[in-house]
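S.K.:
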Amino acid sequence: MEEGDLAADESTAAALGGWIVFEDECGQSLRPPRSRTWGRRGITPVIRVRGGGTGHVSVAGLACYRPGRRSRLIYRLHCYRGRKSEARAFTWTEYRDLLIAAHYQPHGGNVVLVWDNLSVHMRAELRAFTGARAWLRVFRLPAYAPDLNSVEGSGRCSRAACWPTGLPPAPATWSRSSGTA
């Protein structure tokens, strides 16, 4: 596996005639959040939440770019339902399959991969896989700079972008109160 400077990744992708690919992952609990809502002042709303909800959903995504071509988003889901025999998060084989999909899905070609230093990415099996592929070059993001990853935050709506004040407007007759679960 070839690791190098992040500044060289775009020129490397252009020189290889390949795709520059940014990878990131996130997760979400399947347990319902504590129920809170807005309601009329003096009237406490009752909110029913069904099911105890156990488990976790993880998403790994690849944002693929190439000059003169449409960008691509390739993602995989991993569901953990709390069973003893299940893996809690993505395994190295699932990341391997995701990288193979990135190689074949945008009509083949070389892949310049930029990803973080997640422990699964550093596993010996995955490092051996990425090092043995001629079509794949890997660049690791520094630990202190998650803002360099273009996938980071792609699914979130920042508060400043949604509302200029950072909070949604609320009528004067509404107050925030706790409901019963």
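Heads up: take any position in the sequence shown, counting from 1, add 590, and you land on the numbering used here.
Positions of the beta carbon are idealized from the N, C-alpha and C atoms, including for glycine.
Give a yes or no on contact between the segment 688-702 and the segment 719-730, applying the rule of three or more CB pairs nearer than 8 Å.
M.R.: yes
S.K.: List, from N- to C-terminal side, the beta strand (DSSP E) runs of 3 residues or more that fit wholly inside the segment 640-703.
M.R.: Whole beta strand (DSSP E) segments, 3+ residues: 646-655 and 662-670.
S.K.: Taking the alpha helix (DSSP H) that leucine 716 falls in, what are its first and last residues?
M.R.: Segment 714-721, the alpha helix (DSSP H) holding leucine 716.
S.K.: With a threshold of 7 Å on Cβ separation, who are the neighbours of phenylalanine 680 within its own chain once the five nearest residues in sequence on each side are excluded?
M.R.: Glu615, Ser648, Ala650, His668 and Val710
S.K.: When we look at the beta-carbon of glycine 608 and count the other beta-carbons within 10 Å, is it buried (16 or more) or exposed?
M.R.: buried
S.K.: Going by the DSSP bridge assignment, what does valine 636 pair with across the sheet?
M.R.: BP columns for valine 636 are empty, so no partner.
S.K.: Do leucine 620 and glycine 658 have their C-beta atoms closer together than 7 Å?
M.R.: no
S.K.: Does the beta-carbon distance from valine 611 to leucine 663 come in below 7 Å?
M.R.: no
S.K.: Give me whichever residues DSSP pairs with tryptophan 705 in a beta bridge.
M.R.: Arg730
S.K.: Between leucine 689 and threonine 720, what straight-line distance do the alpha-carbon atoms span, to the nearest angstrom?
M.R.: 9 Å
S.K.: Would you kindly work out how many angstroms separate the C-alpha atoms of arginine 666 and leucine 708, rounded to a whole number?
M.R.: Roughly 17 Å between the two C-alpha positions.
S.K.: In angstroms, rounded to a whole number, what distance separates the CA positions of aspartate 687 and serine 675?
M.R.: 21 Å
S.K.: Rounded to whole angstroms, what is the Cα-Cα separation between tyrosine 685 and arginine 638?
M.R.: Distance between the alpha carbons of tyrosine 685 and arginine 638: 38 Å.
S.K.: Taking leucine 731 and tryptophan 682 to be in contact with their CB atoms under 8 Å, please state how far apart those CB atoms are, rounded to whole angstroms.
M.R.: Their Cβ separation, rounded to whole angstroms, is 18 Å, which puts leucine 731 and tryptophan 682 out of contact at 8 Å.
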